[in-house]
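Protein sequences appear in the order of chains A and B.
Just so you know, our numbering puts the end of the first sequence at 378, numbered straight through with nothing missing.
Just so you know, our numbering puts the end of the second sequence at 212, numbered straight through with nothing missing.
Note that CB positions come from ideal geometry on N, CA and C, so glycine has one too.
This report concerns only the one structure given below.
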Amino acid sequence: MARGTSDITVIGGGVVGLATALGLLRAGRRVTVLDGSDSDFRASQGNFGLVWLQGKGAGFAPYAAWTRDAVAAWPGFAATLGDLTGLDLALDQSGGFEFFTDPAEFQDFAAALERQQAHLGNRFTHEVIDGDDLRRSHPQIGPDVVGATFCPLDGHVNPLRLLRALRAAVRSLGGHIRADAGVRGIAAASGGGFDLTLHTGETLGAARVVLCAGLGGADLAAELGFATRVRPQRGELLITEKLGERLPFLSSTIRQVDEGGVQIGGTKAEVGPDDRETLDVMAGLARHAVKVLPALADVRVVRAWGALRVMTPDGYPVYARSPRHPGACLVTCHSGITLAPLHASVLADWIENTETAPDLEAFDENRFALSDAA
Amino acid sequence: MKIASRFLTRPDAVRTVMVSLDGEPVAARAGDSVAAALLAHSGDASRQSGKGAPRTAFCMMGICFDCLVEVDGQPNCQGCMITVRDGMVLRRQRGLRKLDGSANA
Ligand SMILES: Cc1cc2nc3c(=O)[nH]c(=O)nc-3n(C[C@H](O)[C@H](O)[C@H](O)COP(=O)(O)OP(=O)(O)OC[C@H]3O[C@@H](n4cnc5c(N)ncnc54)[C@H](O)[C@@H]3O)c2cc1C
Ligand code: FES
């Protein structure tokens, strides 16, 4: 079968697949991205848009460091995408809060940030702020907030514009993106490389593949001999009418989009492949937001939606080479917005196995095999 | 300059209600939505977007939010989802509402 004209085929055209494709293109590879259908679950189209460090990797130092690198790489990445596409991602990294109404949760999170601080040393800084002190600097915060943590490195971006910019950037560097080209089957070809079967029945050849298909990649991962099984985790979000002024803060659950609407989110539910929103969760989100910022009480909600996170068993990224099939890699993670600058740069060195490649051993999937055996 | 409406009102006779638009009296058909009444009154924009672009009602079914108008002091009301009432005080909305509920202008 024809191997096509690409060096590498990326399966999945969400934020992770497109960022990975962009990195490979910048490294001089010819790349084809095969994306699925509009009916697929797509975290890249329903997420919250945080570029977030606070709390990440408190229990796993390599992830704390990787996320720190990503956050540091964001300004240059946004500028590169701007140059390639003319799109402004509305990146704002002026710091973010985590607000607490439960004293025990506040203490636990402050302790987690201490562990993260120990992992990152002088590459991290955070504040733990008592509720009354917080209200002195931010009088708009409600009386039920018992405390907050703040990290000056946190920020956010417009995630839909990021997705659009990644598509445009991949195309501008000569990458091919095929929509409605879901891969149904994959097999090692006799002469090397892979034979792919699309959902339409069409067959394609690929010299090398990177599997970035999110929740739609589970069967293909198994066919390639990978052990990682991602699972869906539902988050629900609200967005309000647009406001004509900026909110006085960014937090992990309340963030004002550059266009003015206030997005409220942060819920987690293990409900399988079901991305519907639910009234009780939406009401809980609204109550939380009004506790934090009582002035939101009469601001109207205009839309609500659910979206499924792509979760690995321990929640950390997986960067793995197929044990059975040289030339096949698996790249999947939660927090793919935050990590996008690394996927679009140094991950290509790891895929290409160059001398300057980052050491990603800690993110290999053999960690699941080890913990299964223990 | 006032831009004439290009919308034809239905010929059947119904009661007329009086509302005000930016302080000026406007007659409207009872039962019409605020957005329909404004379209029938004038072909001019009924609001300005956050970036100052002229806008008026588009979908007439609650989806596009292009019909936002201030109704009885409340900004950001969807004109297509509200029925006109006698004595209603309407203002063309300029920009977006603020957090304290006031209009921007
Ligand atoms: C509610 C919520 C909030 C989030 N908030 C944040 C946040 O604030 N910050 C942050 O960094 N991250 C956040 N995330 C995580 C982030 O959105 C994801 O990590 C990221 O979008 C994952 O991208 P992906 O490309 O792996 O997956 P997806 O976006 O799911 O894309 C997978 C793509 O693969 C395609 N596909 C599927 N199967 C096949 C197949 N067989 N063949 C070919 N193509 C296929 C699909 O059509 C799809 O386009 C959030 C996620 C959710 C759900
Ligand atoms: S005209 Fe579209 S929401 Fe009113």
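So who's on the other strand from residue i, going by DSSP bridges?
i                      : result
residue 291 of chain A : In the DSSP output, where bridge partners are listed per residue, residue 291 of chain A has none listed.
residue 309 of chain A : A/241
residue 131 of chain B : B/128
residue 134 of chain A : A/151
residue 160 of chain A : A/54, A/96
How many Å lie between residue i and residue j at the Cα?
i                      : j                      : result
residue 6 of chain A   : residue 36 of chain A  : Unreliable positioning characterises residue 6 of chain A in this predicted model, as indicated by a pLDDT of 47, which lies under 50. A coordinate reading is not provided.
residue 334 of chain A : residue 273 of chain A : 25 angstroms
residue 73 of chain A  : residue 162 of chain B : 44 angstroms
residue 167 of chain A : residue 129 of chain B : 42 angstroms
residue 247 of chain A : residue 158 of chain B : 12 angstroms
residue 145 of chain A : residue 252 of chain A : 10 angstroms
residue 110 of chain B : residue 151 of chain B : 5 angstroms
residue 171 of chain A : residue 11 of chain A  : 19 angstroms
residue 189 of chain B : residue 140 of chain B : 5 angstroms
residue 226 of chain A : residue 295 of chain A : 45 angstroms
residue 190 of chain A : residue 217 of chain A : 13 angstroms
residue 419 of chain A : residue 223 of chain A : With chain A represented from 5 up to 378, any question about residue 419 of chain A goes unanswered, as that position is not in the structure.
residue 65 of chain A  : residue 170 of chain B : 46 angstroms
residue 199 of chain B : residue 340 of chain A : 42 angstroms
residue 63 of chain A  : residue 303 of chain A : 38 angstroms
residue 160 of chain A : residue 109 of chain A : 24 angstroms
residue 24 of chain A  : residue 202 of chain B : 40 angstroms
residue 213 of chain A : residue 113 of chain B : 58 angstroms
residue 114 of chain A : residue 104 of chain A : 11 angstroms
residue 204 of chain B : residue 299 of chain A : 13 angstroms
residue 265 of chain A : residue 18 of chain A  : 24 angstroms
residue 206 of chain A : residue 181 of chain A : 16 angstroms
residue 75 of chain A  : residue 194 of chain A : 43 angstroms
Beta carbon of residue i, beta carbon of residue j: below 8 angstroms?
i                      : j                      : result
residue 194 of chain B : residue 142 of chain B : no
residue 263 of chain A : residue 309 of chain A : no
residue 237 of chain A : residue 313 of chain A : yes
residue 38 of chain A  : residue 13 of chain A  : yes
residue 78 of chain A  : residue 97 of chain A  : yes
residue 50 of chain B  : residue 153 of chain B : With chain B running from 108 to 212 in the structure shown, residue 50 of chain B is simply not present.
residue 228 of chain A : residue 352 of chain A : no
residue 158 of chain A : residue 58 of chain A  : yes
residue 56 of chain A  : residue 316 of chain A : no
residue 215 of chain A : residue 355 of chain A : no
residue 276 of chain A : residue 240 of chain A : no
residue 153 of chain A : residue 102 of chain A : yes
residue 179 of chain B : residue 196 of chain B : yes
residue 200 of chain A : residue 29 of chain A  : no
residue 242 of chain A : residue 305 of chain A : yes
residue 126 of chain B : residue 144 of chain B : yes
residue 60 of chain A  : residue 68 of chain A  : yes
residue 132 of chain A : residue 151 of chain A : yes
residue 279 of chain A : residue 311 of chain A : yes
residue 231 of chain A : residue 369 of chain A : yes
residue 165 of chain A : residue 83 of chain A  : no
residue 349 of chain A : residue 90 of chain A  : no
residue 288 of chain A : residue 44 of chain A  : no
Is it the case that the CB of residue i approaches a heavy atom of ligand 1 more closely than 7 angstroms?
i                      : result
residue 180 of chain A : no
residue 70 of chain A  : no
residue 18 of chain A  : yes
residue 41 of chain A  : yes
residue 44 of chain A  : yes
residue 187 of chain A : yes
residue 339 of chain A : yes
residue 314 of chain A : yes
residue 38 of chain A  : yes
Any heavy atom of ligand 2 within a distance shorter than 7 angstroms of the CB on residue i?
i                      : result
residue 151 of chain B : no
residue 170 of chain B : yes
residue 165 of chain B : yes
residue 185 of chain B : yes
residue 142 of chain B : yes
residue 139 of chain B : no
residue 155 of chain A : no
residue 119 of chain B : no
residue 333 of chain A : no
*Residues of the segment 293–305 of chain A whose Cβ lies closer than 8 angstroms to any Cβ of chain B, in chain order*: From the segment 293–305 of chain A, only 299, 300, 302, 303, 304 have a Cβ closer than 8 angstroms to chain B.
*What residues from the segment 63–91 of chain A come within 8 angstroms of chain B, judged by C-beta to C-beta, listed N to C?*
none
_Members of the segment 157–172 of chain B near chain A, C-beta cut-off 9 angstroms_ = 157, 172
*Taking only beta carbons into account, state which residues of the segment 192–208 of chain B come closer than 7 angstroms to chain A, listed in chain order.*
202, 203, 204, 205, 206, 207, 208
_At a CB distance below 8 angstroms, what residues from the segment 228–258 of chain A approach chain B? Give them in sequence order._
245, 246, 247, 248, 249, 251
_Residues of the segment 123–152 of chain A whose Cβ lies closer than 7 angstroms to any Cβ of chain B, in chain order_ = none
*Below 7 angstroms between beta carbons is the criterion; list the residues of the segment 264–289 of chain A that meet it against any residue of chain B, in chain order.*
Per Cβ criterion, the list reads 264.
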